[in-house]
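Chemist:
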Amino acid sequence: MAIVITSTLLILIGLALGGGGLWLVILGGSVFYLFAGVMFLLTAILLLMRKPAALWVYAVLVVVSLVWAIWEVGFDWWQLGPRGGLIILFGLWLLTRVIRRSLGFVSPTGTSYGANAWPLAIPVLAAIVVAGYSMTTNPHDQTGSLPTDVAGTQAFGGTVPDGEWHQYGRTPFGQRYSPLDQVNVSNVKDLKEAWRYQTGDVKRPDDVGETTYQVTPLKIGDTLYLCTPHNWAIALDAKTGKEKWKYDANSGMNPDRQHQTCRGVTYYHDTATAGGQPCVDRVYLPTSDARLIALDAMDGKVCTSFADQGVLHLEKGMKYNPAGYYYSTSPPVAVAGKLIIGGAVNDNYSTHEQSGVIRAFDINSGALIWNWDSGNPDVTAPLPEGQTYTTNSPNSWSVLSVDDGLGMVYIPLGNQVPDQLGMNRSANVEKFSSSVVALDLNTGQMKWVQQFVHHDLWDMDVPAQPVLFDMKKADGTVVPALVAPTKQGDIYVLDRRTGEPIIPFKEIPAPGGAIPEDHTSPTQPISDLTFSPPPLQEKDMWGVSLFDQLACRIQFHRYKYEGRYTPPSLVGSIIYPGNFGTFNWGSVAVDPERQIMFGMPTYLAFTSRLVPAADIPPKGQDEKGSEQGLNRNDGAPYGVFMGPFLGPLNIPCQAPPWGYVTGVDLRTGKIAYKLKNGTVHDMTPLPLPFKVGVPGIGGPMLTKGGVAFLGAAVDNYLRAYDVTNGKQLWQARLPAGGQATPMTYTTSDNKQYVVMVAGGHGSIGTKPGDYVIAYTLP
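Letter by letter, the sequence shown follows residues 55 to 832 in our numbering.
1) Just to confirm, is the Cβ distance from Leu833 to Leu346 under 9 Å?
2) Closest by CA to Arg787, which one among Lys821, Met797, Gly816?
3) With three or more C-beta pairs closer than 8 Å as the rule, is the region 517-526 touching the region 606-617?
4) Around the C-beta of Gln649, are 16 or more other C-beta atoms found within 10 angstroms, so that it is buried, or is it exposed?
5) Which class does Gln675 belong to by DSSP, given the choice of helix, strand or coil?
6) Do Leu115 and Ala107 have their beta-carbon atoms positioned less than 9 Å apart in this structure?
7) Give a yes or no on contact between the region 236-256 and the region 757-765, applying the rule of three or more CB pairs nearer than 8 Å.
8) Where do the ends of the alpha helix (DSSP H) carrying Tyr87 lie?
9) Quick check for students: name the residue ranges of the alpha helix (DSSP H) that lie wholly in the region 121-196, counting only runs of 4 or more.
10) What's the C-alpha gap between Phe227 and Pro309?
11) Please name the residue, chosen from Pro376, Val453, Tyr379, Gly440, that lies closest to Ile412 on a Cα-to-Cα basis.
12) Rounded C-beta distance between Ile142 and Val178? I'm assuming under 8 Å.
13) Pick out whichever of Asn449, Gly429, Tyr279 has its Cα sitting closest to the Cα of Lys296.
14) Going by Cα to Cα distance, which pick from Glu439, Asp544, Ala421, Gly397 is closest to Gly468?
15) Looking at the structure shown, is Ser61 part of a helix, part of a strand, or coil, going by DSSP?
16) Based on DSSP bridge pairs, tell me the residues matched to Arg787.
17) Taking just the CA atoms, how far does Asp582 sit from Tyr546?
18) Please state whether DSSP places Lys730 in a helix, a strand or coil.
19) Buried or exposed for Val463, please, with buried defined as at least 16 other CB atoms from any protein chain shown within 10 angstroms of its CB.
20) Spatial neighbours of Thr165 within its chain, please: CB distance less than 7 Å, with the 5 preceding and 5 following residues excluded, ordered by chain position.
21) May I ask you to report which of helix, strand or coil DSSP gives Met372?
22) Using DSSP bridges, identify the partner residues of Asn779.
23) For Leu624, is the classification buried or exposed, using 16 other Cβ atoms within 10 angstroms of its Cβ as the cut-off for buried?
24) If you run the structure through DSSP and keep just helix, strand and coil, what is Cys606?
25) Please look up how many angstroms separate the CB atoms of Arg317 and Val269, rounded, as I've assumed it's under 8 Å.
26) How long is the line joining the alpha carbons of Thr440 and Leu495, rounded to whole angstroms?
27) Closest by CA to Trp147, which one among Val214, Leu63, Leu764, Gly74?
28) Do Ala762 and Gly792 have their beta-carbon atoms positioned less than 9 Å apart in this structure?
29) Given a threshold of 16 other Cβ atoms within 10 Å of its Cβ, counted over all protein chains shown, does Lys673 qualify as buried or as exposed?
30) Taking just the CA atoms, how far does Arg258 sit from Met352?
31) For Pro25, count neighbouring C-beta atoms within 10 Å of its own C-beta (all shown protein chains included) and say buried if the count is 16 or more, exposed if not.
32) Could you tell me the distance, in whole angstroms, from the CA atom of Gly780 to the CA atom of Leu149?
33) With burial defined as no fewer than 16 other Cβ atoms inside 10 Å of the residue's Cβ, what is the status of Arg607: buried or exposed?
34) Do Leu422 and Pro436 have their C-beta atoms closer together than 9 Å?
35) Out of Trp502, Met514, Ser428, state which residue places its alpha-carbon closest to the alpha-carbon of Thr480.
36) When the distance is taken between beta carbons, is Pro622 closer than 9 Å to Tyr231?
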């Protein structure tokens with residue numbers, strides 16, 4: 055009976071591998087799966103015939119599979135395991151006495167002898183030894199150390215006290231760097247939870263998929279200020295976490311919103327108003343129904359002197375205004391008596407999107423001071439009543455940075471909708487898409503523009519707040535610098551006065567083959583400092599078994615793929631790096647004193663398939679409002695069906711690692727280390743602690759104590775690292791996804807706290823929540 059059952063299983067496996075393997079060979083892929091299928095079938099037939107040669111045939115399969123696997127991927131356990139796991143398991147079963155006895159013989163004296171085990175036992179043992187050895191190797195990590203000397207200056211930006219956190223990135227420079235060192239590499243292991251607060255704003259059944267909690271709180275005086283996904287503003291006691299006040303903007307629910315999130319609020323102290331008067335200190339709250347609300351920082355009441363009874367309506371001046379298509383997910387910057395703000399538009403919803411205009415309003419009255427419209431970039435005087443801004447122009451949905459001394463604001467710009475279709479774009483769209491633009495603080499006039507993707511067909515917005523610091527060069531000169539992380543993995547380091555490169559970048563040939571109505575740029579820029587991954591190959595396709603790995607290999611050959619910047623197509627294209635980006639809105643952290651950078655590159659391939667408008671089903675069918683599923687592009691000739699490149703078991707088709715932490719010496723432009731980050735603890739039904747390097751979205755924070763803090767990964771942990779070498783020093787389990795950026799501060803008793811918001815992220819499926827958690831030393 056064991057022989058029959060075993061043979062049946064081998065036949066089923068052989069047919070599956072043989073049939074899929076033949077398909078793969080026809081597509082131009084590896085012959086191994088076809089060979090393996092044949093060997094499984096031959097082994098099964100010989101077993102049914104009770105022939106000892108079955109073990110010899112299977113031994114050949116083990117030897118060939120071992121040699122093939124090592125030839126393809128070396129001694130990478132996470133790649134070797136799926137290639138050999140099933141084969142070795144059956145090899146061990148065939149070596150059992152119950153199988154060998156059925157293949158043996160009976161001597162004339164009546165003694166029963168099993169088939170000789172050694173022909174199969176030796177290669178199986180060799181495979182087990184190779185597997186054990188591969189578990190001790192780490193072929194993906196790059197180890198090294200960053201310099202520890204203080205090479206730069208304390209140019210942190212603004213006048214923020216050391217123990218406070220006044221803007222999204224702590225200061226107008228967006229460095230995410232704190233000069234506090236009470237918590238350091240020697241004692242961070244002792245961090246304990248000090249307090250925990252729950253906002254009460256939880257994910258609702260009727261929420262859009264992209265409901266996320268991405269806020270970084272501000273700390274001013276003895277108070278923390280934050281917002282929630284449904285646009286509540288909250289003030290907490292920084293020492294105890296006790297709620298001081300809460301304001302609900304009542305922004306309502308709208309299924310047409312692509313995002314339901316808030317990354318932060320903006321704080322402002324009015325030096326012109328006498329103390330004791332209301333609204334001397336203000337908090338500005340952006341909402342998902344396109345309002346900006348001024349609140350009294352003392353009690354959360356609306357400051358009615360601002361704009362229209364305390365409310366600025368951001369949809370003003372838009373030609374088209376479909377509800378839910380435009381709003382601000384990021385806080386405006388407050389500088390020089392102005393609030394400067396961009397706005398998010400729904401990607402791939404419609405060609406009648408609102409404008410991506412950047413506007414500066416009087417911080418006290420809400421009056422419009424200037425507007426920079428990329429469709430009309432030279433005219434920045436306030437838009438006359440009755441006129442409208444350029445429809446559907448590149449927008450800025452991320453966070454802006456400011457250098458008050460140079461009088462410039464730095465704008466990360468996205469793409470025009472539809473993101474994957476480039477026909478009929480204007481010259482200004484082609485110039486400003488996927489770039490950083492520097493504007494004059496006082497007039498809105500453009501100072502310079504530097505573009506990072508030409509004729510963007512991949513949704514490669516510049517997603518992150520530019521980071522400003524003063525770079526001290528080898529000859530002792532100091533250059534005002536700007537660091538711009540990009541979705542495609544490049545880190546651009548520019549002179550922020552002119553936009554010219556400090557670390558060089560160059561143009562390289564890019565793939566062609568766009569649809570007939572469109573075109574591609576013949577070249578694309580790439581920085582000398584890049585985390586862009588090497589092009590995918592068939593051998594990079596992955597799965598937990600031979601079967602889903604084979605399915606991913608077949609898919610790899612069915613899609614169009616010619617490396618980075620493969621254009622979208624009707625058959626479907628692999629986009630790698632994908633839409634989530636190597637870096638996203640979490641940006642990077644920069645220590646301006648040591649002149650070093652810490653970041654979290656993520657690697658997750660996407661697919662993009664254009665769908666002719668005539669073939670798009672009625673609204674609501676298979677339709678999504680984010681990076682996954684059908685995006686309709688109403689008014690365009692094509693919609694787009696896109697999402698992560700996943701296998702049959704809904705895990706990435708590309709092999710891990712999918713996420714790292716990394717350290718860069720900005721003086722040399724060299725990557726010092728790049729280490730796998732995160733486990734599959736929350737990616738699998740069982741809470742497995744395997745550190746494979748997982749995707750993430752969120753931002754890091756650095757401190758003078760030499761510690762980097764980062765949540766972000768899809769396992770629910772906040773971690774601390776030695777920024778010098780990237781080694782993990784501490785972790786705390788979070789009650790929900792930690793897709794926000796941590797911050798730190800001190801209180802009146804001189805205790806340093808680290809605060810993390812844990813609320814989950816709809817796009818990557820982490821656990822939702824409403825937690826604000828503070829940690830401190832005992």
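Quick reminder that beta carbons are idealized off the backbone N, C-alpha and C, glycines included.
Modeler: The relevant details are as follows:
1) In the structure displayed, the chain extends from 55 to 832; residue 833 sits before or after that span and is not available.
2) Lys821
3) no
4) buried
5) Caution is warranted here: a pLDDT of 47 is assigned to Gln675, below 50, making its placement in the model unreliable, and the coordinate value is therefore given only provisionally. Of the three classes helix, strand and coil, the one that applies to Gln675 here is coil, per DSSP.
6) no
7) yes
8) 86-102
9) 131-148, 151-157, 172-188
10) 35 Å
11) Val453
12) 6 Å
13) Tyr279
14) Gly397
15) helix
16) Tyr771
17) 8 Å
18) strand
19) buried
20) Since pLDDT at Thr165 reaches only 49, below the 50 mark, its modelled position is unreliable, and no value is offered.
21) coil
22) According to DSSP, which records beta bridges pairwise, Asn779 is partnered with nothing at all.
23) exposed
24) helix
25) 6 Å
26) Contrary to the premise, residue 440 reads as Gly rather than Thr in this sequence. Spanning the two alpha carbons is a distance of roughly 25 Å.
27) Leu63
28) no
29) exposed
30) 30 Å
31) A question about residue 25 goes unanswered here, because the residues of the chain that appear run from 55 up to 832.
32) 45 Å
33) buried
34) yes
35) With the sequence shown as reference, residue 480 is identified as Ser, and Thr is not the correct amino acid for it. Of the listed residues, the one whose Cα sits closest to Ser480 is Ser428.
36) no
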